[in-house]
Structures are given as C-alpha cells and as structure tokens.
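Participant: Questions regarding the structure given below will be posed in turn.
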Amino acid sequence: MNSQNKSKHKALGLLLLAFIAPVVIAKLVLSLNLYHGGATNHGELINPETSYASLGVENPNPKEWQLLYLLPAQCDDACRERLYILRQSHTALGPDQARVEPLILTHPDSDLNALSAFNFNTRPANAGLSHWLDEQQLIIVDPLGSLVLRYPQVQGREAHLAQGKALIADLRKLLKLSRVD
C-alpha cells in the first residue's frame, strides 16, 4: 500500500512538473531578455505614432503610399545616390508603383538643380516635417498620413543598394498587407 501511494505522488509530481516547468522556463527566458522578437522590417519603425496631422501638414496624396525625402541645400554624391535609389526602388515595385508616390520635400535653400535628372514631384516642407527628415532620411508614409518607417542616411554605393533592397522589401510587404487602397 505504501508503494502504491508513493507511485501516485510521483505521478502527480511529474504531471505538475510537466505543466509548471514550461511556464517557469518561459518566465526566465523573457525576464533575462534571452528572446528577441521576430521583426521582419528593415527600416526603423517610427515611434511614437506620428502623422501629417500631428505635424500640422496636409496630406499631399491621401490615397497613396509616399516615399519622402528632404532635398538638402547642397546635393552631394550621397544625395544624388539617394535620389537614384529612390527612383529605382519606385520602378522596382512594378505593378504596385501606381500605389506609391516618391515625394521630394524642399525648403527655400534646397538644391533644385539636383532634380534635373529625375522626374519627382516636389512640395515645400514645413518645420515639423523637416525635423523628421533631417540627415537625408527616407520615410515611408501610409495613405492615411501616418509616418511608418524611416531609413537613415548611409554612406557608399553598396550600402545605398542594400538599403534600396530593404526599402523595396518593406514596401512590398506593406502594400500586400494594406487594407487601404
């Protein structure tokens, strides 16, 4: 009889261990920061949520995704490379390029001569939006006017090409999952 009670207690202990051990292990992994989530976006998510409305700007293309770039006062080689990658990324979207509008924002001292080789739409930028686009960043804006992802300035042709591929991958994913047309 005594051995039967021990076997029942042992079975109950194993059963409790089977249910409690995974919870304890998961708690340890999360509290020790051993798990890193599976983010698949290449750009940097803009947090806190920012939109045209919060910056005091009217959405220039409310039915389209937008790629924003602020044209600097002096457009050097990196700037021209950025404009080239922006144009090529837009072209690489293929049938989805009609849903995306590259938009070059300018301020009074922007180097407009740099745009002579490109066919981009331009708009004047206000101070709030210029703050988000400093240091030659690219920003993806959704059709509702929310700034979604940013791509910081990089140096070198290879880095620009890699960032262009990342931009295309993120845009394709966003366009595929978008419920706003």
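So the sequence shown is numbered by the numbering used here: it starts at 34 and just counts up by one.
Ideal Cβ placement from N, Cα and C applies to all residues, glycine included.
Round the Cβ separation of G178 and N92 to the nearest angstrom and send it over; I've been treating them as touching at under 8 Å.
Facilitator: Contact flag correct, Cβ pair sits at about 4 Å.
Participant: What are the start and end residues of the beta strand (DSSP E) that includes L171?
Facilitator: Counting along the chain, the beta strand (DSSP E) containing L171 begins and ends at L171 to V174.
Participant: What is the DSSP secondary structure of Y102, reduced to helix, strand or coil?
Facilitator: DSSP places Y102 in strand when its eight states are reduced to three.
Participant: Is it right to say E82 is buried, meaning 16 or more other beta carbons lie within 10 angstroms of its own, or is it exposed?
Facilitator: Exposed: under 16 other Cβ atoms inside 10 Å.
Participant: Would you call the stretch 198-206 and the stretch 121-135 in contact, with 3 or more CB pairs under 8 Å?
Facilitator: Yes: at least three Cβ pairs fall under 8 Å.
Participant: Between I118, H123 and D110, which lies nearest to W98 when the distance is taken from Cα to Cα?
Facilitator: Minimum Cα distance to W98 is reached at H123.
Participant: Report all residues from its chain with a CB closer than 7 Å to the CB of H75; omit the five preceding and five following residues, and keep chain order.
Facilitator: Counting only Cβ-Cβ distances below 7 Å, and skipping sequence neighbours, we find A199, A202 and D203.
Participant: Straight-line CA distance for A51 to L100?
Facilitator: Near 51 Å, if we compare the C-alpha coordinates of L100 and A51.
Participant: Starting from V56, follow the alpha helix (DSSP H) in both directions and report where the run begins and ends.
Facilitator: N35 to S64 is the extent of the alpha helix (DSSP H) around V56.
Participant: Just checking my contact of L220 with D144 at CB under 8 Å: how many whole Å lie between their CB atoms?
Facilitator: The structure shown does not extend to residue 220, since the chain is modelled only from 34 to 214, so the question has no answer here.
Participant: Quick one: Cα of V174 to Cα of P55, how far?
Facilitator: Straight-line Cα distance between these residues: approximately 41 Å.
Participant: Nearest-angstrom Cα distance between K43 and E77?
Facilitator: Taking the straight line from one Cα to the other gives about 52 Å.
Participant: Grab me the residues of R113's own chain with a C-beta within less than 7 Å of its C-beta, minus the 5 sequence neighbours each way, in chain order.
Facilitator: The answer, listed in chain order, is A147.
Participant: How many angstroms separate the CA atom of E191 from the CA atom of L208?
Facilitator: Taking the straight line joining both Cα atoms gives about 26 Å.
Participant: Mind listing, in chain order, the continuous alpha helix (DSSP H) runs of no fewer than 4 residues lying wholly within the stretch 128-191?
Facilitator: Counting whole runs of 4 or more residues, the stretch 128-191 contains the alpha helix (DSSP H) stretches 160-165.
Participant: With distance defined between alpha-carbon atoms, name the residue in T155, P95, F151 and A86 nearest to H140.
Facilitator: For H140, the nearest C-alpha among the options comes from T155.
Participant: Which class does S84 belong to by DSSP, given the choice of helix, strand or coil?
Facilitator: S84: strand per DSSP, three-state reduction.
Participant: Which of the three DSSP states is assigned to L78 in this structure?
Facilitator: Strand, per DSSP.
Participant: Consult DSSP for E97 and reduce its assignment to one of helix, strand or coil.
Facilitator: E97: coil per DSSP, three-state reduction.
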